[in-house]
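What follows is a short report on a single structure.
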Amino acid sequence: MFRIGQGWDRHRLVPGRRCVLGGVEFPDCPVGPLGHSDGDALCHALADALLGAAGLGDIGRHFPDTDPRWAGADSLELLTQVRALVEAAGWRVGNVDATVITEQPMVAPAAGAMAARLATALGVTPAQVSVKGTRGEGMGPEGRGECMTVQAVALLSRAAQG
425 MFRIGQGWDR HRLVPGRRCV LGGVEFPDCP VGPLGHSDGD ALCHALADAL LGAAGLGDIG
485 RHFPDTDPRW AGADSLELLT QVRALVEAAG WRVGNVDATV ITEQPMVAPA AGAMAARLAT
545 ALGVTPAQVS VKGTRGEGMG PEGRGECMTV QAVALLSRAA QG
C-alpha cells in the first residue's frame, strides 16, 4: 500500500535573520525566514507532506508555534521527529520531492547538500530526495523577495511487518 502527501509552507524574509533551508545555512544571504522555529520552510513543507500521507495531521498539531519548547527549534530535528511518528504509524519514506520558490538564497548550488541533510533526517538515500529551486522573477511576493514558498510531496509505503 502506498500513500502520497502534499505539503506547502511560506515564510516572510527579513533582514538580520539566519537563513537556513533544508538544514543548510546560507551565511551570505542578507535575509532569513521569519518563524517561531528556525524558519526552515523546506523542512516544514516536507514534514506536512509526510504527516499528511500518514494521516497524522500537520506540523502545527505536533509542534505548535504557541509552545515555547519549539522557539528557535532546529527544523531538521523536527523533521527527524516527524519521520519517527510516520514510522511508528507503520509507514516508511519512499521518496520526497520539493520545489523552493525564492529569489534568495539561490537553491541550485546547495541542492545536493540539502538533499544529503534531508536524506539523513528521513533515513533514506540522497537519491530518494529531490530539491529544486525556481524564482518568481519579479512576480508575486516571492519574486519581490518578500518571502520564500516551498511545495513538497512525499510517497510512503507500508513498512514490512517483522
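Going by the working numbering, the sequence shown opens with residue 425, and the numbers climb by one from there. For each residue, glycine too, the CB sits at the ideal point set by N, CA and C. Owing to the predicted nature of the structure, the values given are computational and were not obtained by experimental measurement.
Proximity below 8 Å, CB of residue i to CB of residue j
i, j, result
"V520", "A471", "no"
"A513", "L480", "yes"
"L542", "G447", "yes"
"W432", "A469", "yes"
"A522", "L466", "yes"
"A539", "V555", "yes"
"E511", "A584", "no"
"G459", "V438", "no"
"Q505", "G569", "no"
"S499", "D462", "yes"
"L445", "V517", "no"
"R442", "E449", "yes"
Selection from the options that minimises the alpha carbon distance to residue i
i, options, result
"R436", "P565, A578 and P451", "P565"
"E561", "G536, A537, T526 and C443", "T526"
"R434", "P451, D464 and F426", "D464"
"T558", "D482, M572 and T549", "M572"
"G429", "W515, P454, E501 and R493", "W515"
"V548", "P454, A508, W494 and D482", "A508"
Helix, strand or coil at residue i according to DSSP, with G and I counted as helix
i, result
"D464", "coil"
"V506", "helix"
"D482", "coil"
"E501", "helix"
"D433", "strand"
"L470", "helix"
Extent of the continuous alpha helix (DSSP H) run through residue i
i, result
"T544", "A535 to L546"
The ligand NAD heavy atom lying under 7 Å from the CB of residue i
i, result
"E570", "Only the bare structure without any ligand can be found here, which leaves the ligand NAD out of the picture."
Residue i, enclosing beta strand (DSSP E) - first and last residue
i, result
"A370", "The structure shown does not extend to residue 370, since the chain is modelled only from 425 to 586, so the question has no answer here."
"P565", "Segment G564 to G567 is the alpha helix (DSSP H) holding P565; no beta strand (DSSP E) there."
8 Å Cβ cutoff, residue i in contact with chain C
i, result
"G431", "Considering every chain present, this structure includes no chain C. It has just one protein chain."
Would you be able to state if there are at least three C-beta pairs under 8 Å between the segment 527-536 and the segment 477-496?
-> With the cut-off at 8 Å, the segment 477-496 and the segment 527-536 do not touch.
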